[in-house]
């Protein structure tokens, strides 16, 4: 087996040889000969002449190899009490039938199918069925507001929308159908059909002539075979989190995506066929697309589909129960999930109920893994805790620790080393590569490896302007960071999270590390607030651990002292305010830009991806109480 250094060097110096070898591990209808080429826009494209079907590679190929009786999906829904297992045989049967149902509604290769569903098996079935027909799915996070759903309908222009009667949260049931009806009314584009899966908790009213019942459709459907597509044909469109105004639809092609997913499942996560992988995310996000649905199935694994939360469904032991019950080898989630667990169960009493000997690695992504959370998890579980960094745009890890090839020692605060194929560079404002420990813009030298987006749906110019025009020959990630003397990559947050204090460029991520290390702090963020004298000043917003009785004045004094000692007086860190909660996207990212706008008294728009809109007026009131302007 190659060392990491050999694997990485081959991927950068001989990318076509490297990825042609990885492509041979999949079951193509016609193996690609044109490994790397350019399209009409001058973008790098992978496996353009390969003929394939992603659903075939994920299901049919495994059944043909005798893996049909293996569990493909463990569905676990603590919000309903339902548990279900689907073997590869059973999943293939249900996907083929639903593909046949879609086919009867006129869905053909290249059509779009918009999927607006909760975390139930039918969401996966709809995705795979769409892929089976060579159509393009666009999954919209269940429960999105009607206006945001309408905007996505207009952008993707789906022939069919697939939805469910409701989603279920910890404390409420959310009827989806009224939201969908309003969205279709608002949208200029009208889907021809809406297919509704009726759940027990809510029966949705159906609109004659447009709405169709999932169960009735499937009962009379004939199974559909796989439709052949080319490697560069689109598999899906996924709208990025945090989008306001016109959404930004990331396009993922079939060939490069399948090759990268299959490769990453072993290389990054050290997973072999038959083992159990759990990405504790949602199919509405890129993590759910990549590592709940496609990569585990392409690699012949068993995947966990979990309709619940880290806490309150029913308690802070929920994750540990699932790992124990299904024999999960690798768990992938966001740092915010584990901070929630630590906040609700500071002494980890719930963990003691479960045997986690099956768990070999914990992977985290979606936001920066702060060192205190890293250290807590590593000590708690006594397994490697891997921070890896990637984006919706790439579909898999740009940087990580290759647990299946050549694991390296982890460093707190670092996402370790670039994944094979990702030529990561740290650039200054002129686009010149920087040396070790110099902070700059994190960029990827082209060609981008398989799975990375080739365009924004319907708008290549927007893709070019947003990602390719800043530095010639590079994709710009929008994140800032540095590489240390060992080549380890440290992502310090979005480049707009660097604040300028009296001419000094300071990372809010470094300050957050200091605050998060305080024993009373469960979670925190640091933002830059406008200041007439110094340009910007840092402001800390912290959430206390449950049961913590420390006074706000005492905590602020200690946090100010810690920042002064560990970063220096130059940071001018003087304020840390206690809040009940922080506004986040549904994928767990703290909305720092929004917090800055509130603190600066600017007019702001509530983004469609916010998880808890009620947190905004609470934050505004706290800030106003401490002398900040009242935002609109």
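In full-length UniProt numbering, the protein residues as written are 1 to 632. Beta carbons are placed, not taken as given, at the ideal position from N, Cα and C, and that holds for glycine. Computed from a predicted model, the values in this text were never measured in an experiment.
Residues bridged to residue i (per DSSP)
i	result
residue 590	584
residue 403	Per DSSP, none; premise fails for residue 403.
residue 482	490
residue 542	524 and 578
residue 433	427
residue 330	277 and 361
residue 390	397
residue 157	Residue 157 pairs with nothing; no bridge assigned.
residue 139	115
residue 303	73 and 277
residue 83	76
residue 476	443
residue 536	530
residue 610	585
residue 417	400
Per-residue burial, residue i [other beta carbons within 10 Å of its own, 16 or more giving buried]
i	result
residue 53	buried
residue 612	exposed
residue 625	exposed
residue 171	exposed
residue 208	exposed
residue 165	buried
residue 29	exposed
residue 244	With a pLDDT of 39 at residue 244, under the threshold of 50, the predicted position of this residue should be treated as unreliable, and no value is reported.
residue 24	exposed
residue 224	buried
residue 486	exposed
residue 544	buried
residue 409	exposed
residue 314	exposed
residue 62	buried
residue 14	exposed
residue 84	exposed
residue 6	exposed
residue 450	buried
residue 108	exposed
residue 138	buried
Residue i - DSSP class collapsed to helix/strand/coil
i	result
residue 3	coil
residue 270	coil
residue 344	helix
residue 500	strand
residue 353	helix
residue 108	coil
residue 378	helix
residue 530	strand
residue 553	helix
residue 567	coil
residue 290	helix
residue 628	coil
residue 622	helix
residue 454	coil
residue 572	coil
residue 338	helix
residue 547	coil
residue 604	coil
residue 469	coil
residue 373	helix
residue 599	helix
Element boundaries [alpha helix (DSSP H), containing residue i]
i	result
residue 122	121-132
residue 326	318-326
residue 93	88-104
residue 509	508-516
residue 144	Unbroken run through residue 144: none, as it is neither H nor E.
residue 461	460-463
residue 295	295-298
For residue i, the first and last residue of its enclosing beta strand (DSSP E)
i	result
residue 387	385-387
residue 253	249-253
residue 440	440-445
Minimum Cβ-Cβ distance from residue i to chain D less than 8 Å
i	result
residue 33	Note that chain D does not occur in the displayed structure, where there is just one protein chain.
Query raised in the report: Curious, which full-length alpha helix (DSSP H) runs of at least 4 residues does the stretch 162-243 contain?
Result: Counting only runs of 4+ residues, the alpha helix (DSSP H) found wholly inside the stretch 162-243 occupies 177-186 and 214-220, in chain order.
Report task. Taking only runs that begin and end inside the stretch 5-74, name each unbroken beta strand (DSSP E) of 3 or more residues, in chain order. Result -> Fully enclosed beta strand (DSSP E) runs of 3 or longer: 36-38 and 44-46.
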